[in-house]
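One structure below.
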Amino acid sequence: NLVRGDSFRKEQFQKWRKGLSDEEIILIESIAHEIMYEMDYECHLVTKNCVEPKVFSVEEIAAFEILNKEMAEKMMSDLVVENPEDARRRKAQAAVLSMPPTKIS
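Okay, structure coming up:
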């Protein structure tokens, strides 16, 4: 993607929010607004337009974690059927990411 030039990067910059409802954007920006600003992404609704970030309860976070796990499992089971090679790569990547960090000296 880096070799495609500035026009490609400009098109990709806020591609993540196309097709999302305001409610979905508020959810994403409530979770990620601080890191988005650090990475020079401009928030669309949270703080910029006086929408305060949503604060999630412990129960809501637990429910999100369960839903995320279920959706990730479904995505992987679908991927095994639709694109076995990609599923294999993702499993290998997950195995690497689950390894304990080690210091390289």
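So the mapping is simple: my numbering equals the position in the sequence shown, first residue as 1, plus 20. Backbone N, C-alpha and C fix where the C-beta goes; we use that ideal spot for every residue, glycine too.
- DSSP places Val66 in the strand class (E or B) of the three-state scheme.
- Distance from the CA of Lys94 to the CA of Ala82, rounded to the nearest whole angstrom, comes to 19 Å.
- Look at Val75 here: in three-state DSSP terms it is coil, with no helix or strand label.
- Of the candidates Arg110, Ser77 and Phe76, the residue whose Cα lies closest to the Cα of Ala92 is Arg110.
- Using a 10 angstroms sphere on the CB of Val78, the tally of other CB atoms stays under 16, which defines it as exposed.
- Just measuring C-alpha positions, the residue of Val66, Glu44 and Ala114 sitting nearest Glu54 is Val66.
- In the three-state reduction of the DSSP assignment, Ile86 falls in the helix class, which pools H, G and I.
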